[in-house]
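Chemist:
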Amino acid sequence: MGGMGEGGGFLPPSSRRGRQNRSCFVEIVFRGKRLRSATVDGSDFTFNEQFVLDLFQGLSEEEMIGIEASPTGLSSLHDPVIFNVYDEEVMYDEVG
Numbered sequence: 001m002g003g004m005g006e007g008g009g010f011l012p013p014s015s016r017r018g019r020q021n022r023s024c025f026v027e028i029v030f031r032g033k034r035l036r037s038a039t040v041d042g043s044d045f046t047f048n049e050q051f052v053l054d055l056f057q058g059l060s061e062e063e064m065i066g067i068e069a070s071p072t073g074l075s076s077l078h079d080p081v082i083f084n085v086y087d088e089e090v091m092y093d094e095v096g
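Below is the structure:
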């Protein structure tokens, strides 16, 4: 029971002293819409998720004229797709 990570499972607070844990997630931003992966713990993480982006969101009917869902049609879209990878490292220090 409990989380995963370097400790291999749940550690009670007294066992965490001097240990590190890292929590990471990926965020994708496209035309103001943000998609986020699940948070993954540990120092050797892998993201295995699929995201669906609506490439035509926010386009007016006029802007969509001549654009089709093909490599040639999509080449006219110039909006950036931004990938942000976040990590947080937590240190548990001895208190007392």
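With full-length UniProt numbering, the residue at position 94 of the sequence shown is 94, and numbering never jumps.
We put the beta carbon where it would ideally sit given N, CA and C, even for glycine.
Nothing here was measured: the structure is a model prediction, and the numbers come from that model.
Near Phe45, what residues of its chain come up, given a Cβ to Cβ distance below 8 Å and the 5 sequence neighbours on each side ignored?
Modeler: Arg22 and Cys24, listed in sequence order.
Chemist: Alpha helix (DSSP H) containing Leu74: first to last residue?
Modeler: Residues Pro71 to Leu74.
Chemist: Give the straight-line distance between the Cα atoms of Ile28 and Glu68, rounded to the nearest whole angstrom.
Modeler: Answer to the nearest angstrom: the Cα atoms are 23 Å apart.
Chemist: Distance, Cα to Cα, Val26 vs Gln57?
Modeler: Distance between the alpha carbons of Val26 and Gln57 is about 21 Å.
Chemist: So the candidates are Ser70, Ser43 and Ser60; which of them puts its Cα closest to the Cα of residue 147?
Modeler: Past the boundaries of the shown model lies residue 147; the chain is included only from 1 to 96, so the question cannot be answered.
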